[in-house]
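The block underneath contains the structure these notes are about, expressed in structure tokens.
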Amino acid sequence: MRFVLLVAALAGLVATLPTPTAAQSQLPPGQPFATATTHRVHSTILGGERRITIRLPAEYAAEPERRFPVVYLLDGGPQQDFEHIAGIAQSREMNASFAPFILVGIESVNRRHELSPPVVDHAPYQASLRAVPGGSARYRDFLRDELKPMIAASLRTSGEDAVMGESLAALFVVETLFEEPALFDDYIAISPSLWWEQMKYPREAADRFARFPAGERRLYLTVANEGDWHREGMERLVDALREAAPPGLQWIYVPVGDSETHGTLFHPMALDAFRTLYGTPTREYKAERLIGGRAPLERSAEEQARMDAPCTRDTAWRTTPGAAAAGRDRLYYRCLLYDLGPLAREGNLRR
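Structure, rendered in structure tokens:
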């Protein structure tokens with residue numbers, strides 16, 4: 010009888026224990042993961058709505074008094090180049106290799122019209138591009154008179170603005186530098202279509218530089234393994250910069266024809282452009298104790314003085330990862346600004 014009662018008690022106890030959860034065969038419902046906001050804005054100049062997509066840096070909410078530079082991304086719609094460039098902007102929140110900025114993506118509707126400069130003869134362009142070229146001046150009006158004032162009124166901007174584009178959008182960047190250099194502070198042209206109109210803009214560059222207005226501006230140029238007039242146009246522009254760049258224009262040329270194609274260079278060279286224009290310094294620290302290893306030595310007086318000194322772009326030592334690896338003892342606790350990414354071929358802009 011006692012045995013029967015014991016079995017019954019154990020059975021009751023087991024019944025009260027939680028039942029193991031069965032393994033799920035499918036994912037549960039997910040939640041959207043938003044990295045940006047998209048706004049439909051009306052443009053009187055362009056005659057319709059445009060989608061503007063904005064990514065704010067993490068510091069925007071964390072530092073409510075701080076103002077930030079703005080990077081205007083051409084071809085910047087959600088299904089265009091915005092998402093992969095926004096990923097680069099987010100990466101700096103993990104590695105701190107460049108300063109934070111507000112990313113404003115501008116969706117193109119008919120890029121071959123609205124981003125292209127005027128031409129003498131429309132017929133060959135219409136046959137090849139299936140669009141009427143020559144909308145760039147109106148698009149600049151939209152940026153200057155509608156979009157930039159709207160962004161400045163809505164967000165905490167610092168007044169430092171960059172424009173960025175690839176291929177035909179990069180041609181717009183170069184044309185804007187020539188036609189209205191004061192519209193932006195920084196110009197990022199990734200493989201610009203400088204073949205346009207038989208290399209019109211490279212051929213005119215020296216004369217345009219002679220009439221350049223005063224002011225500080227920066228230009229980042231890169232090109233992949235392009236052929237014919239695409240690469241020839243870039244070389245002509247670099248020749249003009251080397252010989253006749255106006256005093257206030259800092260420029261850098263980073264060709265990557267040995268490692269990238271026209272279809273692959275935008276993402277890696279956008280990262281390089283951000284590091285070049287907005288690079289932030291860091292300190293070189295001694296390694297912490299490894300498992301089973303010895304503790305690092307105490308800081309010397311010289312090392313402590315390095316640690317106490319301010320760390321800014323102006324005070325940083327400039328070096329490369331390879332040079333730093335060749336002898337770290339001399340660098341401990343120094344403020345370093347690394348020259349990251351592919352090597353520039355020429356220019357007067359220091360990374």
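Residue numbering for the sequence shown follows this note's numbering, starting at 10 and increasing by one per position. Glycine included, C-beta positions come from ideal geometry on N, C-alpha and C.
DSSP state of residue i mapped onto helix, strand, coil
| i | result |
| --- | --- |
| Arg322 | coil |
| Pro210 | For clarity, residue 210 is Tyr in the given sequence; the question names Pro instead. Helix at Tyr210. |
| Asp195 | strand |
| Leu15 | Note that Leu15 scores a pLDDT of 45, beneath 50, so its modelled location is shaky; the value from the coordinates is reported in the next line. Of the three classes helix, strand and coil, the one that applies to Leu15 here is helix, per DSSP. |
| Gly96 | helix |
| Glu72 | coil |
| Ser167 | strand |
| Glu307 | coil |
| Ser145 | helix |
| Val183 | helix |
| Met10 | Per-residue confidence for Met10 stands at a pLDDT of 45, beneath the threshold of 50, marking its modelled position as unreliable; the derived number appears in the next sentence. It is coil, neither helix nor strand. |
| Thr273 | coil |
| Arg220 | coil |
| Glu188 | helix |
| Leu345 | strand |
| Phe42 | coil |
| Leu258 | strand |
| Arg284 | helix |
| Arg327 | strand |
For residue j and residue i, believed in contact at Cβ under 8 Å, the rounded distance
| i | j | result |
| --- | --- | --- |
| Pro78 | Asp170 | 7 Å |
| Ile54 | Asp154 | 7 Å |
| Asp84 | Ser117 | 5 Å |
| Leu156 | Ile111 | So it is not a contact: roughly 13 Å between Cβ atoms. |
| Ala279 | Ile97 | 6 Å |
| Ala282 | Gly257 | No, Ala282 and Gly257 are not in contact; Cβ-Cβ is about 19 Å, not under 8 Å. |
From the options, residue whose alpha carbon lies closest to that of residue i
| i | options | result |
| --- | --- | --- |
| Ala105 | Lys209, Arg359 and Arg284 | Arg284 |
| Ser176 | Glu213, Leu274 and Leu186 | Leu274 |
| Leu230 | Pro133, Arg245 and Gly144 | Arg245 |
| Ala179 | Glu307, Met159, Asp216 and Tyr210 | Tyr210 |
| Thr62 | Ala45, Val172 and Glu72 | Ala45 |
| Asp237 | Glu269, Ser202, Leu258 and Phe221 | Ser202 |
| Glu206 | Asp216, Ala215 and Glu184 | Glu184 |
| Ala198 | Leu65, Val80 and Ala215 | Val80 |
| Arg101 | Ala214, Leu36, Thr47 and Thr289 | Thr289 |
| Asp323 | Gly266, Asp194 and Arg360 | Arg360 |
| Ser309 | Asp338, Ala332 and Pro330 | Asp338 |
| Gly168 | Tyr148, Ala191 and Arg147 | Ala191 |
| Leu164 | Gly356, Phe107 and Pro73 | Pro73 |
| Ala146 | Leu186, Thr166 and Gln88 | Leu186 |
| Gly174 | Gln89, Ala161, Arg212 and Glu235 | Gln89 |
Start-to-end residues for the beta strand (DSSP E) that takes in residue i
| i | result |
| --- | --- |
| Leu152 | Element bounds for Leu152: n/a, residue is neither H nor E. |
| Gly350 | Per DSSP, Gly350 belongs to no beta strand (DSSP E) and is neither H nor E. |
| Ser137 | Per DSSP, Ser137 belongs to no beta strand (DSSP E); it is in the alpha helix (DSSP H), His131 to Leu138. |
| Phe77 | Phe77 to Leu82 |
| Met230 | It is worth fixing the name first, because residue 230 is Leu in this sequence and not Met. It spans Arg226 to Thr231 - the beta strand (DSSP E) in which Leu230 sits, taken as one unbroken run. |
| Gly57 | Gly57 to Arg64 |
| Thr46 | Thr46 to Ser52 |
| Val265 | No beta strand (DSSP E) holds Val265; DSSP gives it neither H nor E. |
| Gly114 | Ile111 to Ile115 |
Span separating the alpha-carbon of residue i from that of residue j
| i | j | result |
| --- | --- | --- |
| Met316 | Tyr342 | 5 Å |
| Leu286 | Val182 | 16 Å |
| Pro255 | Ala219 | 7 Å |
| Ser125 | Arg76 | 32 Å |
| Glu269 | Glu68 | 33 Å |
| Glu225 | Tyr196 | 12 Å |
| Cys320 | Arg327 | 12 Å |
| Gly86 | Val172 | 15 Å |
| Val50 | Gly144 | 19 Å |
| Ala233 | Glu188 | 25 Å |
| Gln33 | Ala43 | 26 Å |
| Asp267 | Gln259 | 25 Å |
| Ser137 | Arg121 | 10 Å |
| Pro109 | Pro37 | 35 Å |
| Arg139 | Ala132 | 10 Å |
| His239 | Asn119 | 22 Å |
| Gln135 | Met103 | 45 Å |
| Arg217 | Glu311 | 51 Å |
| Leu358 | Leu228 | 8 Å |
| Val23 | Gln35 | With a pLDDT of 49 at Val23, under the threshold of 50, the modelled position of that residue is not reliable, and the figure given next carries that caveat. Roughly 29 Å separates the two Cα atoms. |
| Ala95 | Arg64 | 7 Å |
| Lys295 | Ala71 | 29 Å |
| Gly242 | Met208 | 6 Å |
Continuous alpha helix (DSSP H) stretch holding residue i: start and end
| i | result |
| --- | --- |
| Trp204 | Note, Trp204: premise wrong, no alpha helix (DSSP H); not H, not E. |
| Gly331 | Pro330 to Ala334 |
| Gly242 | Asp237 to Ala253 |
| Gly293 | Checking the sequence, you will find Glu at residue 293 rather than Gly. Note, Glu293: premise wrong, no alpha helix (DSSP H); not H, not E. |
| Arg120 | Arg120 to Glu123 |
beta-carbon residue i near the ligand GTP non-hydrogen atom, thresh 8 Å
| i | result |
| --- | --- |
| Gln207 | Among the components of this structure there are no ligands whatsoever, and the ligand GTP is therefore not found. |
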